[in-house]
Structure formats: C-alpha cells, structure tokens
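K.L.:
The structure that follows is given in the form of structure tokens.
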Amino acid sequence: MQIGYKLASEAFGPQELIRQAVRAEQAGFDFVEMSDHYHPWLEVQGHSCFTWSALAAIAAKTSTLGLATGVTCPSVRYHPAIIAQAAATMALISDGRFTLGVGAGERLNEHVVGQGFPSVRGRHERLREALEIIRLLWQGGYQSYEGRHLQLEDARVWDLPETPPVIAVAASGRSSAATAAELGDGLFATEPKSSIVAHYREAGGQGPRYAEVPLAWAPDEEQAVRAAKETSRWAVTGWKVMSELPNPVNFDAATVWVEDQHIRRQFSVGPDPAPHLAKVRAYVDAGYDHIVLQNAGPDPDGFLDFCTDDFIARVRALA
C-alpha cells in the first residue's frame, strides 16, 4: 500500500504547495496528489494556481516523491493533445514519478473556456475519446483522430518517456469503472465503496486503486470542525452538486445549511489517531491500495508532524 498527501490547490498558493510537498516527502509520504482546478470551491479558499507548473517545481525539489493529478479533465478546458504532451513532459522531468489522474470534470472549472459543459453522458463520451487520443499520441509519430466530440490533426508528441505514465481514471459506478479498466491503468475514487473496486476488477482492471480520505486534524475537535466547515463544507454536497455549480459564489450559497454534525459525518476530526485510522480502514477494506490523506484542518505543518510521528506507519499496518 502507498500513502499520499493531498495538495489542495484551492486552499494554498503555489509556493506553499511546493513547500508542503517537500515536507510530505520528509514526513515519509510515498506521493502527493494535487487537484487541477481553475476556480476554488469557495471564495474563502482564495487560491487556484496552475497545477502543472507547481508539479514541475515539486519534481525539481524532490527525489523520491511520486506526483499525481487528482484529477485533470482532459476534454473541455484542456484538449487531450495538450494533456498528452504535459503528462509526457512531467514523466520525463520527474524520472518516471508521475501519474496522470483524469476524470470527466466539473462545471466549476470547465465552463470558463466558453464551450458549455456537457451532460453526464456527453462528458463521459468525451473522456473516453480523450483517453483514446492520449494513448494514440503516446505511441509516437504523427497521429490524427476523428471522434464524435474531439478531433486531432497531424499531431505528434516529440518528447516521450520510455514508459508512459500510469493513467488513473476517476470512477463512481459500473460504467466509469469499466472505462478505467479498459482505457486506464488504474482507478481513482473518493468514496469507500467496495462496489466501485468490484466493477473495476470485473471489467479486467488490475492496476493501482487510488482513493481520497477526508480528514481534519487539529489540536482539538472543535477547531478541526470549524476549519473544515469554513473551507471544505462543499464536500458534503455530493457529486451531483459538486459537478454542476459554476462558481465559488454558488457553492457558498449551496452550503449555508451545513452544520457541525454534517462535517463530523464527512470527516474524521481532531488530534486522536483512532477516528482517522477508522476512516482510512473503510477505504482499505473497500479495496483501495493508494490512500490519499486529505487534511481539511487548519494547520498543515501540525498534520505533517502528526503523520511523521507514527501515523503513516499505523496506516500502512492496515494493509
């Protein structure tokens, strides 16, 4: 099992994210996973840097730390030809430490280029075409593609790694899990549902299985709950809301109803390792083997110290 640290590009500026990544390597994390957003979820978060630039800087400042996008939508705001090129470059400059996490996207980030945001079916069709284009370009040479939604004309990625990056595909049900098995090398999820892993395996998937675990560490529970409620209450709305709202102001309005009890159900909170380990165990028991610790608490350094002491070792022991 590998343990990852979530870099929240919506909550911190690029210099701070790079600093946290270096600290995560020192703390014993195997990899970092960074969100790829154009907007933050909430106005109070106040950040959303260009993920690919920050990851390149992290690659230069670390030596063993794995790097992953969590996740990139390669079919609306980006064309898949650009993501194929970007991921190949990241694999080269990181000496093979990069994983491309991809998903169907959220309106929050994709509507900004003025092409609208597809229906659920439409964006999953676009994701399949994007993955086919990326795979095609990673074969080398000039390539063209004519899809229902996406096209490629005489394109070639010149700098290719000897081994292409792992592609982990975000899934929430049978259809998307099958896409992960067919066109990806791994699975990416945010819920401790064993059914997602089962669908992935039934479709022939045998790769790494990534999952984000929502934690909120702080010196006391109330402080953890307050911090998570202030900056991360969007997480309790569910994917049907999270994928559809266009701007942070909409998420502010949509989460005014969130109370402490909702935060406590979504996140493990406080300084005690026991509830955090119980939260992680649910994902391990569901079949995930790349566990991403996503801290919504107010003190990233305190959380990293907490992990350094013995928490990472205790998480590994759950496997």
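With UniProt numbering, the residue at position 152 of the sequence shown is 152, and numbering never jumps. We treat Cβ as the ideally placed atom computed from N, Cα and C, and that holds for glycine.
1. Starting from P214, follow the beta strand (DSSP E) in both directions and report where the run begins and ends.
2. In three-state DSSP terms, what is N250?
3. Can you give the beta carbon distance from L293 to G4, rounded, assuming they're within the 8 Å contact cut?
4. Grouping DSSP H, G and I as helix and E and B as strand, with all else coil, what is L318?
5. Closest by CA to D260, which one among E230, S9, T64 and E106?
6. Whole angstroms is fine: what's the gap from V76's alpha carbon to D285's?
7. Could you give the uninterrupted runs of the alpha helix (DSSP H) lying entirely in the stretch 88–166, keeping only those of 4 residues or more?
8. Quick one: what does DSSP say A286 is sitting in, helix, strand or coil?
9. According to the neighbour-count rule (16 or more other Cβ atoms, all chains shown, within 10 Å of its Cβ), is E212 buried or exposed?
10. Less than 8 Å between C-beta atoms, sequence neighbours within five positions excluded: which residues of the same chain meet that for W138?
11. Check K61 in the structure and name its three-state DSSP category.
12. Going straight from the alpha carbon of A317 to that of A274, what length do you get?
13. Cα separation between A177 and I196?
P.N.:
Reading it off the structure:
1. Within the sequence shown, residue 214 is the residue found at index 214, counting from 1. Looking at the DSSP string, the run of the beta strand (DSSP E) that includes P214 is R209 to A216.
2. Mapped onto the sequence shown, residue 250 falls at position 250. Helix, per DSSP.
3. Walking along the sequence shown from the start, residue 293 turns up at place 293. Walking along the sequence shown from the start, residue 4 turns up at place 4. Between G4 and L293 the Cβ distance is about 7 Å, and since that is below 8 Å, they are a contact.
4. Taking the first residue of the sequence shown as 1, we reach residue 318 at position 318. Residue state, collapsed to three classes: coil.
5. Here the question's residue 260 lines up with position 260 in the sequence shown. Closest option to D260, Cα to Cα, is E230.
6. Translated into the one-based positions of the sequence shown, residue 76 becomes position 76. Translated into the one-based positions of the sequence shown, residue 285 becomes position 285. Their Cα atoms are separated by approximately 35 Å.
7. Fully enclosed alpha helix (DSSP H) runs of 4 or longer: 107–110 and 120–137.
8. Numbered from 1 along the sequence shown, position 286 holds the residue referred to as residue 286. Here A286 carries a coil assignment [DSSP, helix/strand/coil].
9. By 1-based counting over the sequence shown, the position of residue 212 is 212. A residue is called buried when at least 16 other Cβ atoms come within 10 angstroms of its Cβ; E212 meets this threshold and is buried.
10. Position 138 of the sequence shown holds residue 138. So the qualifying residues of the chain are A84, A88, V157, L160 and P164.
11. For the purposes of this step, residue 61 is taken as residue 61 along the sequence shown, with counting starting at 1. Reduced to three states, the DSSP call for K61 is helix.
12. Translated into the one-based positions of the sequence shown, residue 317 becomes position 317. Translated into the one-based positions of the sequence shown, residue 274 becomes position 274. Taking the straight line joining both Cα atoms gives about 13 Å.
13. By one-based count along the sequence shown, residue 177 stands at place 177. By one-based count along the sequence shown, residue 196 stands at place 196. The alpha-carbon separation between A177 and I196 amounts to approximately 6 Å.
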